[in-house]
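Scroll down for the structure; my scribbles are underneath it.
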Amino acid sequence: MAEAILDANAIAQWIGRTPEGWLHVLPTVDSTNDYAKMLALQNAPKGTAVLAEQQTNGRGRMGRSFQSPMGQGIYLSYLLRPRCQAEELMDLTCLVAVAVCQAMEETLDFRPGIKWINDLVWGGRKLAGILTEMSLEPGSGLVRYCIVGIGINCSQSRQDFPPELQDIAVSLQTILDRPIHRERLVAAVLLALEKLDNLTPEERRAMMRRYRRDCVTIGKAVRVIRAGESRDGVALDMADDGALVVDFEGTVERVQSGEVSVRGFFGYTDCGENG
Ligand code: BTN
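Going by numbering that gives the first Met the number 0, the sequence shown opens with residue 0, and the numbers climb by one from there.
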C-alpha cells in the first residue's frame with residue numbers, strides 16, 4: 000500500500016501557523032539532524048523544524064543507525080538556540096523524551112515508557128529514539144545551537160523491520176491497532192518542544208519528576224557498558240541532571256554516558272546476553 004506523504008500545510012494548520020520559513024518537509028535526506036545542522040549554520044532561527052519521509056543515513060546514539068523507511072515513521076529534527084553553557088542542558092534529552100510522551104498521550108491517548116536515557120519503549124521494545132546534538136562557541140563555551148532529533152516508528156508491521164530488529168522494535172500502529180495520524184502527532188510534538196524553550200525551574204523539575212515516573216530503567220537490573228567495560232548493577236534513581244544512579248554491588252555511581260541495557264528489554268534477558 001502506498002504511504003501518504005506528510006503534508007506541511009496540515010502540520011502547520013494543527014499548530015495554527017503557516018509552514019513558510021520554519022517547517023521543512025523533505026521526501027528523502029541522509030539525516031534530518033544533518034540537514035538541520037546545515038540550516039543552523041545558515042542562521043536559521045530557533046524553532047526551525049526538518050521532517051523527512053525517509054532517511055538514508057538516520058543516526059542514533061553511540062554511532063548506531065536509525066532505520067528510517069519511506070513513509071513509515073516520523074523523522075524530525077528541531078533547532079533550539081538556548082543562550083547557556085552545555086552543562087545546563089544535561090537534562091535536555093530527558094525533557095524531550097517527556098515532551099514526546101506528552102504529545103503521544105494528548106493525540107493518541109497512549110503513553111510509552113522511557114528507557115534511560117533516550118528510548119521510548121513499549122512491551123520491552125523500542126518505539127522511538129532521541130538524538131540530541133549541540134555545537135558550542137569556541138572560547139565562551141556557550142551553546143551556539145542544539146539539534147533535537149526524534150525518530151518514531153509509526154506504521155511498520157513486524158515484517159517491515161529488518162530481521163535483527165523484529166524482536167526489539169515496535170510501531171505505534173502495531174501497539175494501538177489503528178492507523179496513525181502523523182501530521183497531528185508531529186504538530187503536538189512541535190508544540191511540546193517549543194514549550195521547552197521557556198520552562199520555569201518548577202516546570203523543569205516537574206518534567207524530570209514525570210521522566211522518573213515513566214522511566215522503566217529505575218529499579219531494574221542493568222548492564223552498563225562504558226569504554227569497553229561491562230558491569231552489572233541496579234539502577235536506583237535518576238539525578239536532576241539526567242545521570243543514572245547505579246548501585247554496582249555496593250558501590251553507587253553516576254552514569255552519564257555509555258550503553259545501559261535493562262534486563263527484559265531489547266533482548267537482554269539474563270547475564271549472558273547483550274541488550
Ligand atoms: C537512537 O535511537 O539512539 C536515537 C535515534 C534518533 C533518530 C532520529 S530520526 C530524526 C533524527 N535524524 C537522525 O539522523 N536521527 C534522529
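Just so you know, even glycine gets a beta-carbon here, dropped at the ideal spot from N, CA and C.
When the Cα of residue i is compared with those of the options, which residue comes out closest?
i    : options                  : result
I146 : D246, A48 and T106       : A48
P200 : G15, W21 and D240        : D240
D176 : R157, Y74 and R63        : R157
G249 : V185, G232 and T17       : G232
M237 : C93, L88 and M61         : C93
V251 : A187, D90, L235 and M89  : L235
D6   : A242, A186 and L190      : A186
I151 : L135, E87 and M103       : M103
D213 : S134, I4 and D118        : D118
G72  : Q155, P18, Y144 and E136 : Q155
I217 : I116, M133 and G138      : I116
T173 : G57, L126, P44 and L164  : L126
D159 : M69, D196, G138 and V223 : M69
Q41  : I167, I14, E86 and G20   : G20
A205 : D90, R16, P137 and E132  : D90
M207 : Q101, A11 and M61        : Q101
Under a three-way DSSP split, which group does residue i fall into?
i    : result
M61  : helix
K114 : strand
K36  : helix
I14  : helix
L198 : coil
R152 : The residue asked about is misnamed: residue 152 is Asn in this sequence, not Arg. Reduced to three states, the DSSP call for N152 is strand.
V147 : strand
C100 : helix
V185 : helix
A9   : helix
D29  : coil
R82  : coil
M89  : coil
A242 : coil
M133 : strand
D213 : helix
D236 : strand
My assumption, with CB atoms under 8 Å, is that residue i sits in contact with residue j. Please give the rounded CB distance.
i    : j    : result
V359 : L192 : Shown here, the chain extends from 0 to 274; a query on residue 359 therefore has no answer.
K114 : F247 : Contact flag wrong, Cβ pair sits at about 19 Å.
P81  : V142 : 6 Å
V120 : V188 : In fact, because the Cβ distance is near 17 Å, the residues do not count as touching under 8 Å.
T31  : T55  : That pair is no contact at about 11 Å.
Q84  : G140 : 6 Å
A39  : Y144 : 4 Å
Look at residue i and residue j and say whether their C-beta atoms are less than 7 Å apart.
i    : j    : result
G148 : L130 : yes
V244 : R253 : yes
R181 : C153 : yes
V169 : R110 : no
L78  : A51  : no
V259 : V215 : no
L190 : I179 : no
G257 : R225 : yes
Y74  : S64  : no
G122 : G59  : no
Checking contacts by CB at 7 Å: is residue i closer than that to chain C?
i   : result
E19 : Protein chains in the displayed structure number just one, and chain C is not present.
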